[in-house]
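Below: one structure, written as structure tokens.
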Amino acid sequence: MNQEFTDAVYQIVGAIPAGRVASYGQVARQAGYPRHARFVGRLMSRLPEGSALPWHRVIRGDGGLPLAGTPSGEIQIQRLSDEGVTVLGNRVPKSCFWQP
DNA sequence: GTGTTGACATGCT
DNA sequence: AAGCATGCCAACA
13 MNQEFTDAVY
23 QIVGAIPAGR
33 VASYGQVARQ
43 AGYPRHARFV
53 GRLMSRLPEG
63 SALPWHRVIR
73 GDGGLPLAGT
83 PSGEIQIQRL
93 SDEGVTVLGN
103 RVPKSCFWQP
């Protein structure tokens with residue numbers, strides 16, 4: 013399997029600064045695999061909770077929260093708000109997106 | 001080896 | 001503006 017890709021994704025997600033968010037496609041693209049947006053999401057979902065990975069900073073390209081309505085989503089919103097990200101309902105302004 | 005699934009993206013209606 | 005349809009790729013059964 014692509015350990016490289018997995019590692020790259022971890023790197024990218026871990027490199028997202030607080031107060032900023034990045035889309036799955038964005039992360040995948042930065043990792044060097046533009047078509048693996050889904051795989052990024054898959055990695056997030058399969059990730060252990062104890063992981064120090066800021067998965068809550070990874071959202072959809074539209075700024076929508078895929079986990080909206082679920083406990084994890086609430087936690088995600090809570091954390092993002094705590095980090096200074098403006099979360100309107102189940103969405104985030106594009107201005108909060110990570111700009112490399 | 002085949003078929004289905006998924007924390008997505010993009011385009012068209 | 002919102003919703004529907006297609007594409008993409010890797011893991012799982």
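13 is the number of the first residue of the first sequence in my numbering; add one for each residue after it. Don't be surprised by glycine CBs; every beta carbon is placed ideally from N, CA and C.
How long is the line joining the alpha carbons of residue i and residue j, rounded to whole angstroms?
i: Asp74; j: Arg50; result: 15 Å
i: Ser35; j: Phe109; result: 8 Å
i: Arg54; j: Ala43; result: 15 Å
i: Asp19; j: Arg72; result: 21 Å
i: Ser63; j: Ser84; result: 14 Å
i: Pro46; j: Asp94; result: 30 Å
i: Ala27; j: Gln111; result: 12 Å
Using CA coordinates, which residue listed in the options is at the minimum distance from residue i?
i: Ile89; options: Val39, Val70, Ser107; result: Val70
i: Pro66; options: Lys106, Pro112, Arg32; result: Arg32
One question on the structure: do residue i and residue j come within less than 9 Å of each other, judged by their Cβ atoms?
i: His68; j: Leu92; result: yes
i: Val21; j: Val52; result: yes
i: Leu77; j: Val104; result: yes
How is the alpha helix (DSSP H) around residue i delimited, first residue to last?
i: Ser57; result: 49-58
i: Asp74; result: That residue, Asp74, is in no alpha helix (DSSP H); it is neither H nor E in DSSP.
i: Ile167; result: This structure cannot settle anything about residue 167, because the visible part of the chain is limited to 13 through 112.
i: Tyr36; result: 36-43
i: Glu16; result: 15-27
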